[in-house]
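Numbering (our numbering), first residue to last: 123 to 439. Take a look at the structure below.
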């Protein structure tokens with residue numbers, strides 16, 4: 123017809139309807155959605171891991187661009203490091219102590235927020251704000267509050283409670299450095315547990331509790347038989363994630379103590395940092411990082427075999 127444009131035909135253009143394609147349109151959309159995620163995962167996870175493994179097989183000076191192949195010799199050196207096993211043990215103490223404290227505080231805050239009826243959204247927003255505070259701010263505030271020259275917590279612990287010498291910084295005492303690191307870090311990171319738990323608590327139907335009240339159940343029985351089984355899955359997942367994060371923690375430890383006093387708070391990430399910038403052994407530090415990764419991978423597999431948090435989540439949803 124006159125005035126009507128026609129699509130070009132011929133060997134240069136072939137139009138195939140969606141219905142005749144070997145795969146559906148939904149499948150193509152799904153593939154297009156997944157590919158960017160896979161590319162991003164490759165760039166930020168797989169590629170750095172592969173680079174660390176490659177670097178660990180070489181002798182590389184931090185200030186020297188020459189790479190000398192030495193195989194797995196760096197891994198033997200890691201095992202022979204005088205500070206390796208002690209740093210690993212301190213890292214485990216920091217990880218377990220922080221995770222348990224964060225679990226107790228985070229679960230308690232979630233239960234309290236879930237019971238509040240007036241101003242719940244405002245209080246929840248205020249609590250969640252703590253997780254948004256940069257770690258450097260938390261460290262600076264903690265250092266000021268524990269400053270021998272007028273720090274509030276310093277005076278409270280020294281003059282009132284008699285825990286330490288009021289004229290000396292407790293973060294500089296071997297007996298208190300690790301304990302205070304756990305407390306200071308947990309003040310912020312306990313909210314992570316709260317976020318996970320509170321979301322699951324609000325998904326529990328209220329009729330469960332109403333039925334329990336009818337049969338005469340008390341608060342403890344309702345928590346044991348209704349609440350706890352339905353939040354156990356997310357708690358197990360949150361505990362696993364917090365354990366991994368705290369084991370790898372570097373920033374708040376370095377900002378507060380730099381691994382001191384002496385080596386009282388030196389964990390494996392701190393040891394790896396010192397290996398790079400004090401010993402100038404870049405390849406050895408990468409071998410140490412790979413050993414940390416393997417330790418966490420084995421720990422995560424054992425954790426899943428023991429508790430199977432994914433199955434708990436599927437069962438309670």
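For each residue, glycine too, the CB sits at the ideal point set by N, CA and C. Since this is a predicted model, take the numbers as computed values, not measurements.
- In the DSSP assignment, residue 190 falls outside any alpha helix (DSSP H) and lies within the beta strand (DSSP E) extending over 189 to 191.
- Residue state for residue 403 is assigned as strand, using DSSP reduced to three classes.
- For residue 393, same chain residues with a beta-carbon under 6 Å away, outside a window of 5 residues either side, are 205, 209 in chain order.
- Here the alpha carbons of residue 379 and residue 270 stand approximately 15 Å from one another.
- Spatial neighbours of residue 200 in its own chain (CB-CB distance under 8 Å, excluding positions within 5 residues in sequence) are listed in chain order as 206, 406, 409, 410, 413.
- Out of 257, 232, 256, the CA that lies nearest to the CA of residue 245 is found in 232.
- For residue 161, the uninterrupted alpha helix (DSSP H) run begins and ends at 147 to 163, by DSSP.
- Considering only 418, 337, 289, 353, the residue with the shortest C-alpha distance to residue 225 is 353.
- Taking the Cα of residue 390 as reference, the smallest distance to any Cα among 217, 259, 191 is reached at 217.
- Boundaries of the beta strand (DSSP E) around residue 182: 180 to 182.
- Annotation: residue 345 is outside any alpha helix (DSSP H) and is labelled neither H nor E by DSSP.
- Counting the other Cβ atoms within 10 Å of the Cβ of residue 155 gives fewer than 16, which makes it exposed.
- Contact annotation: residue 255 and residue 310 have beta-carbon atoms nearer than 8 Å.
- If you look at residue 196, you'll find it in the alpha helix (DSSP H) that goes 195 to 202.
- Going by C-alpha positions, residue 164 is about 15 Å away from residue 175.
- Residue 286 counts as buried, since at least 16 other C-beta atoms from the protein chains shown sit within 10 angstroms of its C-beta.
- In the structure shown, residue 273 falls within a coil segment according to DSSP collapsed to helix, strand and coil.
- Per the C-alpha coordinates, the member of 313, 384, 241, 401 positioned closest to residue 253 is 313.
- By the beta-carbon neighbour count (other beta carbons within 10 angstroms, threshold 16), residue 315 is buried.
- In the displayed model, residue 185 falls within coil according to three-state DSSP, outside both helix and strand.
- In the three-state reduction of the DSSP assignment, residue 242 falls in the helix class.
- The region 166 to 182 makes contact with the region 191 to 200: 3 or more CB pairs, one atom from each, lie closer than 8 Å.
- When the beta-carbon positions are compared, residue 356 and residue 318 come within less than 8 Å of each other.
- Take residue 236, set aside five residues on each side of it, and the residues of its chain with a beta-carbon closer than 7 Å to its own are 320, 323, 324, in chain order.
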